[in-house]
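First residue of the sequence shown? That's 11 in this note's numbering, and the numbers climb one at a time after it.
Glycine included, C-beta positions come from ideal geometry on N, C-alpha and C.
As the structure is a prediction and not an experimental result, all values here were calculated from the model.
Before any comments, here is the structure.
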Amino acid sequence: METESAIQRRQLEEAGWEPVEDGEGPIVWRNPKSGRLYPQEVAVKLVRSGTLQPPPSTQDDPDAVS
């Protein structure tokens, strides 16, 4: 049986998101449309809601990872 984290990872990969691992912290995911990086929980919410890119008015998206 798949863990919730494995299910989320599969959903993100199927949606075209790329994992970015630096070996030190948690995995972040690159949005395939904007190129921005998001923590897995946030990326999954975006995929599940059908929102792959934040609205243009959110230039400084607080959920994005620098």
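Tell me which residues share the same chain as residue i and place their Cβ nearer than 6 Å to its Cβ, disregarding the 5 neighbours each side in the sequence.
i, result
"A25", "V57"
Once you ignore the five residues that flank residue i on each side, which residues in its own chain have a CB closer than 8 Å to its CB?
i, result
"Q50", "S15, Q18, R19, L22, P36, I37, V38 and W39"
"E12", "R20"
"E28", "W39, R40 and P42"
Closer than 7 Å by C-beta to residue i: which residues in its own chain qualify, once you throw out the five before and the five after it? Chain order, please.
i, result
"V54", "Q18, Q21 and L22"
Quick check: is the beta carbon of residue i nearer than 8 Å to any beta carbon in chain B?
i, result
"E12", "Protein chains in the displayed structure number just one, and chain B is not present."
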